Amino acid sequence: MGIHGLTTYLRENKRVLSRTLNFHSSQSDSGGITQRTPVVVDGWSFIYELLARADLPWVYGGEYETFAKILVQTIDALISTGLNLYFVFDGPYPSLKFPTIVSRTTQTGIQGGLLFFRTSAIARSTSRFLHETALLPPLVYDVCVRSLLELVSDGSSKYIGRLEVHFADEEGDPFAVALAGRVGAYVLGRDSDFVVLNAEGYKGYIPLEEMVWTGTAEPLSPDGSVYSSLSRDMYDDEDEDGFRRVQKPKARRRAEVDRRLGRGLIPPDDATNALSDLTLTCEVYTPAMLANHLELPVSVLPLLGALLGNDYTGAPDDTSPTASPHPGSSRKGKLQHLFFERRLTLQERITHVASILRSILAESVAVVAQTARKRRTRQITSVMELIDAAVTALLIRPPDTLASGEREAIVDRIVEATLQYALPRAEELDDSVDESSIGTTEDGSTLWASDVCVLHTPESCPLFAYLGRRELAIADLETGCDGLDDKDDPEAHVRALYVAAYRRGVLNPRVLNALNTASSWPRLFLEDPDKESVARSIGRPVREWGYALLGAGVEQQVPETQVEVEEVVAREDEDEEDEDEEDEDEEDEDELIDVQESDDEDLLAPLRGALQRLDVGTNGEHILPPDALPHAVPSRPKIILEYVRRGTRLAAEEVIVPTLSDLFDKFSVSSHEPTRASLPVQLMSEEDRLTYLLRALESDVAAVRALPSEILMAVLSLRWVVRSLHARAKESGGAKERIKERWTAEEAKAFLSAFSAHPNENSPEAPAVPIEDRNVQLMAQISTAFEAIDGFAQILLLGDRLPNSMSHFSGRRFHAFLTGVLQDVGDSLLPSVWEAALSGQENMFAQASKGKKKEQKASARAVPPSSKRGGSRAGAAKGLYEMLGDMTI
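Residue numbers (UniProt numbering): 1 to 889.
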């Protein structure tokens with residue numbers, strides 16, 4: 001989330017909107033401090049900032065090994081300054097954010113890749129081009145989370161009680177601020193929404209890009225000090241005649257040597273050795289300071305953000321297959337085009353909206369004072385009138401020029417965008433929670449609200465809402481997963497296991513998209529735009545098996561197309577008396593809070609009931625909330641919408657979820673015990689679940705089973721890519737393009753060798769690694785397979801048995817082996833690893849062409865220029881005929 005123009009506004013008005021904080025590492029190291037400072041870190045902001053500051057090459061597919069090392073270095077430096085870090089990562093995507101996700105993915109992932117492949121090899125290798133078209137490495141999130149969890153489980157006193165990792169139920173920004181309010185923390189991120197979101201106990205927003213590290217060098221001895229040359233400066237520069245050379249003032253040079261600066265999130269490189277008294281300087285912005293500057297109540301800031309535009313108002317057209325072509329729908333276009341003239345700058349827009357809100361509130365106060373009306377009268381009407389009046393004042397077009405219902409739809413979008421700033425309500429401690437098993441704040445108050453969520457009790461946790469059948473899952477948690485009889489309610493048991501896995505960080509939020517919104521969002525990276533998307537050709541078969549398992553173990557919500565059909569049938573059966581009762585209930589919900597209440601009361605509460613009345617489809621049909629959605633007809637096949645690249649755009653494709661019986665027949669998986677035949681696969685033993693996965697990937701061979709867990713995922717991904725491309729070539733009937741895309745044995749060895757360091761990879765004499773189209777496509781294929789298989793293993797609850805090993809991988813090393821920059825490919829591979837990669841698939845590799853091998857050797861061989869010393873014939877220039885004689889036809 002982000003409010004348009006607010007980051008720039010904060011930066012331009014930093015002097016009046018922020019205050020400076022300093023954190024010193026020397027105080028922490030000396031043990032003199034007794035109270036540490038809690039800071040909630042926005043996980044995705046941390047990833048983006050770390051990659052931007054580290055300036056790692058992205059085009060090779062990801063320098064995950066280096067990224068993991070920099071991450072640990074940064075975490076250690078932050079903790080050393082007295083900070084307690086609470087990382088928060090986003091959960092599944094909310095459906096309201098789909099248009100924004102599609103727009104951003106198209107602009108960065110697809111258009112950026114198109115520009116890369118349409119640019120010449122020389123031009124696209126420049127640092128400027130790579131910087132302007134940078135993409136996020138596809139598996140960086142998994143590497144970041146795994147590295148953080150390894151630090152948490154390290155057992156070192158450095159991290160105990162000082163580092164925690166949490167995963168939001170859905171959108172991460174409100175979750176992070178709510179957690180910051182619970183522990184009395186700042187929020188560290190790069191999102192302007194953090195200065196609009198507010199909660200009791202929340203201390204403010206610290207932008208990552210405005211952090212500055214400062215370290216002072218500590219001299220080891222007088223001679224080794226940076227000041228040691230002061231006493232010799234007057235004499236060392238004298239020549240034989242006694243003249244001295246004029247130099248710059250020493251004070252300036254001493255300051256340059258003495259102070260070592262680190263810009264941004266990453267501390268100085270030598271912070272752990274040569275520097276002492278490391279200081280972190282940052283700026284803090286608070287909602288109260290922004291509200292005072294704009295002369296608005298704090299509770300009106302969410303409305304200000306919605307009117308300026310955020311991820312829910314600035315989205316383009318809905319690109320889903322179910323989008324309505326209604327010409328007057330306000331879902332089309334950006335609201336900013338309706339509210340602001342193009343000549344207005346971002347800062348002028350903020351001032352303009354704030355001025356309109358102030359005038360409306362002032363007029364409302366005057367009316368209330370004149371009529372002496374009682375408080376808490378027509379509360380919802382007053383709030384909706386505030387939004388309605390603001391929309392009317394901001395519209396640059398006359399209201400009578402709008403289409404029928406368009407103005408109401410605009411108000412609806414503003415209400416929805418405002419409600420995104422509603423924070424999770426703080427819950428009291430669950431009586432069933434053992435206080436000794438959960439974290440506590442410094443003042444002794446309980447940190448976790450329950451043993452399943454840091455903010456919610458099981459009854460109010462949104463995670464249970466989209467996992468379905470919440471009451472049974474709660475009962476399962478109360479009885480305990482270990483003591484539950486699977487025959488009682490196996491589905492509830494599976495849900496409880498998924499909740500526990502998600503909170504521990506071993507279940508990717510993207511997996512839960514299939515349960516939350518019946519959608520799937522495979523990651524996009526650099527791939528050939530003229531070829532079929534690897535997310536479809538390589539990853540879709542594996543994801544389909546995961547959908548089947550989720551549908552069998554947990555009841556899925558159906559897509560909107562199926563819901564609309566069932567809603568029509570349900571409305572036909574509704575009684576008119578029930579509809580009248582619903583109208584009366586909605587009118588009762590209107591009695592909440594008046595717009596003129598004080599700032600500490602929730603302004604967003606009145607909008608919830610209004611949204612229920614305004615949230616109508618383009619055809620005027622009321623959309624039911626997720627909890628009220630009817631279940632799908634059992635005989636109807638379930639559908640998942642996959643958002644994958646189709647040409648040069650991101651399109652939603654319907655994928656029919658296969659049945660488990662079909663998968664069992666395909667994989668030849670059977671149960672030895674008749675009583676277990678009806679159990680979900682997730683409740684089988686770990687060995688049975690591993691068998692299911694290996695047979696699904698057609699890799700159930702002894703050599704693969706014998707591999708250590710650290711390399712198993714890499715080998716499975718490689719085997720799946722090789723098998724999939726071989727099958728495509730075989731099905732094509734000998735098509736040249738399909739045959740050429742198969743992997744060679746040398747390319748497979750290069751991938752497996754990229755997980756271990758090479759002695760010559762950091763040599764200063766090593767040439768630059770060239771970027772070749774085929775190698776880029778190979779990296780896209782293996783990354784997609786890795787992501788799909790990792791998600792499939794997590795659905796099978798095999799995250800501990802098949803850990804993600806990408807934290808040891810280097811994409812640059814992979815490309816260096818492929819292009820011949822690094823020689824001796826495969827020498828570091830264990831024979832057992834290569835045997836597992838080959839077992840049963842020896843004939844599925846393509847044969848490497850001799851011409852390609854010669855080109856690799858020529859590019860890798862650094863030939864020095866011929867020496868002109870002596871009369872050596874080897875260095876003499878050849879005549880034209882001699883050159884022609886050496887040529888081969």
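In this text, a Cβ means the ideal position worked out from N, Cα and C, and glycines have one as well.
Here the structure is a predicted model, which is why all the values come from computation and not from measurement.
Extent of the continuous beta strand (DSSP E) run through residue i
i, result
"Asp688", "Element bounds for Asp688: not the beta strand (DSSP E) but the alpha helix (DSSP H), Glu686 to Ala696."
"Val644", "Ile639 to Arg646"
"Phe340", "From DSSP, Phe340 is part of no beta strand (DSSP E); its letter is neither H nor E."
"Leu83", "Leu83 to Phe89"
"Ser709", "Here Ser709 belongs to no beta strand (DSSP E); instead the alpha helix (DSSP H) covers Ser709 to Glu731."
"Ser18", "Ser18 to His24"
"Phe167", "Leu163 to Phe167"
"Ala653", "Looking at the sequence shown, residue 653 is not Ala but Glu. Element bounds for Glu653: Arg649 to Ile656."
The alpha helix (DSSP H) enclosing residue i, as first and last residue numbers
i, result
"residue 919", "Shown here, the chain extends from 1 to 889; a query on residue 919 therefore has no answer."
"Asp42", "Where Asp42 is concerned, there is no enclosing alpha helix (DSSP H), although the beta strand (DSSP E) it sits in stretches over Thr37 to Asp42."
"Asn516", "Asn513 to Asn516"
"Gly811", "Gly811 to Thr819"
"Ile204", "For clarity, residue 204 is Gly in the given sequence; the question names Ile instead. Here Gly204 belongs to no alpha helix (DSSP H); instead the beta strand (DSSP E) covers Gly204 to Pro207."
"Leu188", "Run containing Leu188: none in the alpha helix (DSSP H); it sits in the beta strand (DSSP E), Tyr186 to Gly189."
"Cys144", "Val140 to Val152"
"Gly112", "Gln111 to Phe117"
"Gln781", "Asp773 to Ile795"
Nearest residue (CA-CA) to residue i, options the options
i, options, result
"Tyr285", "Ile356, Ile771, Leu802 and Glu210", "Glu210"
"Tyr64", "Ser756, Ser732 and Phe98", "Ser756"
"Ser192", "Val140, Ile47 and Thr7", "Thr7"
"Ser103", "Tyr9, Leu650 and Pro38", "Leu650"
"Thr345", "Phe464, Trp44, Tyr9 and Leu151", "Tyr9"
"Ser753", "Ser533, Arg15, Ala714 and Glu737", "Ala714"
"Phe23", "Thr214, Arg504 and Ser661", "Thr214"
"Phe98", "Ala465, Tyr643 and Glu765", "Tyr643"
"Leu83", "Val183, Leu301 and Leu660", "Val183"
"Cys453", "Arg503, Leu303, Leu419 and Ile266", "Arg503"
"Val212", "Leu818, Glu532, Leu278 and Leu463", "Leu278"
"Gly43", "Phe175, Val704 and Glu408", "Phe175"
"Met289", "Arg695, Ser18, Ser709 and Phe809", "Ser18"
"Gly201", "Gly181, Ser460 and Gly62", "Gly181"
Counted within 10 angstroms of its Cβ, other Cβ atoms place residue i as buried (16 or more) or exposed
i, result
"Val411", "buried"
"Gly305", "buried"
"Asn292", "exposed"
"Gly155", "exposed"
"Glu747", "buried"
"His456", "buried"
"Ala702", "exposed"
"Ile160", "exposed"
"Ile396", "exposed"
"Glu737", "exposed"
"Ile640", "buried"
"Gly5", "buried"
"Asp790", "buried"
"Gln107", "exposed"
"Pro138", "buried"
"Arg543", "buried"
"Asn760", "exposed"
"Gln847", "exposed"
Test: residue i CB closer than 7 angstroms to a CB of chain D
i, result
"Glu654", "Here there is only one protein chain, and chain D is not present."
Cβ-heavy atom distance, residue i to the ligand ZN, below 6 angstroms
i, result
"Ile782", "Of the ligands one can find in the structure shown there are none, so the ligand ZN has no counterpart to examine."
Contacts around residue i, its chain only, beta-carbon distance under 7 angstroms, and the 5 residues preceding and following it disregarded
i, result
"Pro637", "Ile656 and Val657"
"Leu149", "Val165 and Gly505"
Close Cβ partners of residue i (< 6 angstroms) along its chain, the five nearest in sequence each way excluded
i, result
"Leu512", "Pro92"
"Gly109", "Leu524"
"Gln781", "Val534, Ile538 and Val721"
"Asn13", "none"
"Tyr466", "Leu515 and Asn516"
Sequence-distant residues of its chain with Cβ nearer than 8 angstroms to residue i (five each side left out)
i, result
"Asp388", "Val411"
"Ser635", "Any answer about Ser635 is weak, because its pLDDT of 49 lies below 50 and its placement is not dependable; what the coordinates show is given next. Result list for Ser635: empty, nothing under 8 angstroms."
Worksheet item: Pairing CB atoms from the region 819-836 with CB atoms from the region 60-77, are three or more of them under 8 angstroms?
Response: no
Worksheet item: How about the region 803-821 and the region 687-701: do they share at least three Cβ pairs that are nearer than 8 angstroms?
Response: no
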